[in-house]
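Student:
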Amino acid sequence: MTMDRKIEKKKLAPWQWGLIAVLAAVAIWFIYQLLADASIRTYRVPQEHIIVSTVEFGAFEDLIPIRGTIQPFNSVFLDAVIGGAVDEVFVEEGSFVTAGQALVQLSNTTTRLTAATADANTTEQLNNLSNISNNFETTKLNTEREIINIEYRITTLERLISRAEKLVANSLVSEEEFEALADELVYQKKVLTNTLARQVVEVRIRAERLLQIEVQMVMLEENLKISQSSFESLLVRAPISGQLTSFPVEVGESKQNGQRLGQIDVVDQYKVVAQIDEFYVSRVMTGQAANFPLVGAAYATSVVKVYPEITQGTFEVDLEFEGPTPANIRRGQTLQMELTLGNPVESLLVPLGGFIQDTGGNWIFVLDSTGEYALRRDIRVGRRNNRYVEVREGLAQGDRVITSSYSQMEDMERIQLTQ
0 MTMDRKIEKK KLAPWQWGLI AVLAAVAIWF IYQLLADASI RTYRVPQEHI IVSTVEFGAF
60 EDLIPIRGTI QPFNSVFLDA VIGGAVDEVF VEEGSFVTAG QALVQLSNTT TRLTAATADA
120 NTTEQLNNLS NISNNFETTK LNTEREIINI EYRITTLERL ISRAEKLVAN SLVSEEEFEA
180 LADELVYQKK VLTNTLARQV VEVRIRAERL LQIEVQMVML EENLKISQSS FESLLVRAPI
240 SGQLTSFPVE VGESKQNGQR LGQIDVVDQY KVVAQIDEFY VSRVMTGQAA NFPLVGAAYA
300 TSVVKVYPEI TQGTFEVDLE FEGPTPANIR RGQTLQMELT LGNPVESLLV PLGGFIQDTG
360 GNWIFVLDST GEYALRRDIR VGRRNNRYVE VREGLAQGDR VITSSYSQME DMERIQLTQ
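Numbering (numbering that gives the first Met the number 0), first residue to last: 0 to 418.
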């Protein structure tokens, strides 16, 4: 009878246990990565559909592109001061006119009658005031004549009384005659005192009234000028010399008070008017330079006026030419310009792309070392021009980033690049 032999279990060698541990760790890590990858929002996109750029360190030129339009440096609008029917047009749109030249004749019966009535009334009032002034002058002369007569009478009486005193002593003149002379002298002196007092009052009243009359006459003459000016304004004249660039006026049509008749441009000097994005409203100021190429030559302008009002996301600036003005430029011509906002500064730079509009410059996708994935990273940007965005935080020189548009990627955390 044979006996069963006990089989002993073989024990694993230490190196085998180590191998098992390594394989288990690799399996756990692989499973963890699969689960982690599954939890990250990933967007897959063909590599040729995106633009990858490298973060560089260089001089940031603080420039922005702007589009300017050639406009006359000075323009004057023509308005109908007094409305009326168009009787005659003396010039055509596009003509060159000189200051004071007649452009159009309007007719207005009401204005004509009003001017005639005002002229008659004003003339009558001026005549009345002139008569009052003449009367004051006559009264003044009459009072002076009275004083002269009274003073002459007093002098005569004093001479008669002096002689009568001697004659009374010799009984050649009666006491009654002497007393009559003395009484009349007293009376004439009282009359003189009264007349002098009246003269003082008359002088004061005359001065005050003449001053009022002078003011009234000046006002009446001004009113007369206004009335005449209203009538004369029916003949519209050019206020300045220049080109009549707008003049939609036809014989027979009616124009209302204040209605626009046309525009005269001074064509020997031009300016550039540009619309700029409101993002730069706090950084644009007078004196800044803007350059542009035209027909193979470079030209310079400078900002002379900034209009801070925002309209549809833009504000307006006026620029004038520095140095020679380009030849053969025309009103309304468009120029592509670069406006300098500041001096060049050494900075980290990312090429400008569609990502800046989608992220507002708050984050960007950065490629890993393999170039197969790009992870979302928060950044902080500074200034921008038409080529670069200045990076202040979040990126380093040499980083590769996606700078094309992030449409359909805004909610993703990772981009996987496919072939």
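Beta carbons: idealized from backbone N, C-alpha and C, even for Gly.
Note that the coordinates shown come from a computational prediction; the quantities given were computed from them, not determined experimentally.
1. With DSSP as the reference, identify every bridge partner of Val200, one or two as the case may be.
2. Quick check: does the Cβ of Met408 come within less than 7 Å of any heavy atom belonging to the ligand MN?
3. Residue range of the alpha helix (DSSP H) that Asp61 falls in?
4. By Cβ distance, which residues of its chain are closer than 8 Å to Glu412, with the 5 residues on each side in sequence left out?
5. Just to confirm the assignment, what range does the alpha helix (DSSP H) spanning Thr358 have?
6. Whole angstroms are fine: how far does the CA of Arg282 sit from the CA of Tyr306?
7. Ends of the beta strand (DSSP E) at Ile414?
8. So, is Asp398 buried or exposed, given that buried needs 16 or more other C-beta atoms within 10 angstroms?
9. Do the region 355–368 and the region 61–81 touch if we need at least three Cβ pairs shorter than 8 Å?
10. Using a Cβ-Cβ cut-off of 8 Å (strictly less than) and excluding sequence neighbours within five positions of Leu125, which residues of its own chain qualify?
11. Near Tyr405, which residues of its chain fall below 6 Å by C-beta distance, leaving aside the five closest residues on each side in sequence?
12. Can you tell me which residues form a DSSP beta bridge with Lys188?
13. Can you check whether the CB of Ala79 is closer than 8 Å to the CB of Gln255?
14. So, Gln258 versus Gly82, is the Cβ gap smaller than 8 Å?
15. For Glu337 and Ser94, what's the separation of their Cα atoms in angstroms?
16. Find out if the Cβ-Cβ distance for the pair Leu318, Val303 is shorter than 8 Å.
17. Residues in the same chain with beta-carbon distance under 6 Å from Ile146, minus the five sequence neighbours each way, listed in chain order, please.
18. What are the boundary residues of the beta strand (DSSP E) that Ile378 is part of?
19. Are the beta-carbon atoms of Val344 and Phe56 separated by less than 8 Å?
20. If you follow the beta strand (DSSP E) that Ser346 is part of, which residue opens it and which one closes it?
21. What is the DSSP secondary structure of Arg144, counted as helix, strand or coil?
22. Would you call the region 201–217 in contact with the region 227–234, where contact means no fewer than 3 C-beta pairs closer than 8 Å?
23. Starting from the C-beta of Asp276, find all residues in its chain whose C-beta is less than 7 Å away, skip the five residues before and the five after it, and write them out in chain order.
24. Does DSSP put Glu252 in a helix, a strand or coil?
25. Go through its chain and collect everything with a Cβ distance to Val380's Cβ below 7 Å, but skip five positions before and after it.
Tutor: Inspection of the coordinates gives the following:
1. Here residue 200 refers to the residue found at position 201 when the sequence shown is read from its first residue. Looking at the DSSP assignment, Val200 forms no beta bridge with any residue, so it has no partner.
2. Among the components of this structure there are no ligands whatsoever, and the ligand MN is therefore not found.
3. What you label residue 61 is simply residue 62 of the sequence shown in a count that begins at 1. DSSP places Asp61 outside any alpha helix (DSSP H), giving it a letter other than H or E.
4. Counting from one through the sequence shown, the residue named residue 412 turns up at place 413. Closer than 8 Å at the Cβ level, and outside the excluded window around Glu412, lie Ile39, Arg40, Thr41, Leu374, Arg375.
5. The residue given as residue 358 occupies position 359 in the sequence shown. 354–358 is the extent of the alpha helix (DSSP H) around Thr358.
6. By 1-based counting over the sequence shown, the position of residue 306 is 307. By 1-based counting over the sequence shown, the position of residue 282 is 283. Between Tyr306 and Arg282, the C-alpha separation is close to 13 Å.
7. On the sequence shown, position 415 is the one that residue 414 refers to. Its beta strand (DSSP E) spans residues 413–417.
8. Position 399 of the sequence shown holds residue 398. Asp398 is buried by the Cβ-count criterion.
9. The region 355–368, when compared against the region 61–81, does not touch it at the 8 Å Cβ threshold.
10. Walking along the sequence shown from the start, residue 125 turns up at place 126. Cβ-Cβ distances below 8 Å link Leu125 to Met216, Leu219, Glu220 in the same chain, with the five nearest sequence neighbours on each side left out; the list follows chain order.
11. As a position in the sequence shown, residue 405 is number 406, starting the count at 1. Correct list, in chain order: Phe354, Asp357.
12. Walking along the sequence shown from the start, residue 188 turns up at place 189. Looking at the DSSP assignment, Lys188 forms no beta bridge with any residue, so it has no partner.
13. Position 256 of the sequence shown, counted from the first residue, corresponds to residue 255. Position 80 of the sequence shown, counted from the first residue, corresponds to residue 79. Yes, the Cβ-Cβ distance between Gln255 and Ala79 is below 8 Å.
14. Residue 258 sits at position 259 when you count from the first residue of the sequence shown. Residue 82 sits at position 83 when you count from the first residue of the sequence shown. In contact: Gln258 and Gly82 (Cβ atoms closer than 8 Å).
15. Position 338 of the sequence shown, counted from the start, is the residue given in the question as residue 337. Position 95 of the sequence shown, counted from the start, is the residue given in the question as residue 94. In this model, Glu337 and Ser94 are separated by some 35 Å (Cα to Cα).
16. In the sequence shown, residue 318 corresponds to position 319, counting from 1. In the sequence shown, residue 303 corresponds to position 304, counting from 1. Yes, the pair counts as a contact, with Cβ atoms nearer than the cut-off.
17. To locate residue 146, count along the sequence shown from 1; it is residue 147. Hits under 6 Å: Thr194.
18. Residue mapping note: residue 378 aligns to position 379 of the sequence shown, counting from 1. Premise fails: Ile378 is in no beta strand (DSSP E) and is neither H nor E.
19. The residue you call residue 344 lines up with position 345 of the sequence shown. The residue you call residue 56 lines up with position 57 of the sequence shown. With respect to Phe56, Val344 sits apart: the two C-beta atoms are not nearer than 8 Å.
20. Counted from its first residue, the sequence shown places residue 346 at position 347. Residues 344–350.
21. One-based indexing of the sequence shown puts residue 144 at position 145. Arg144 sits in a helix when the DSSP states are folded into three classes.
22. Cβ pair count under 8 Å is below three, so no.
23. Locating residue 276 in the sequence shown gives position 277, counting from the first residue. Closer than 7 Å at Cβ, skipping near neighbours: Gly312, Thr313.
24. Counting from one through the sequence shown, the residue named residue 252 turns up at place 253. DSSP places Glu252 in coil when its eight states are reduced to three.
25. Sequence index remark: in the sequence shown, residue 380 carries index 381 (1-based). Once the five neighbours on either side are set aside, the close Cβ partners of Val380 are Gly360, Val388, Glu389, Val390, Arg391.
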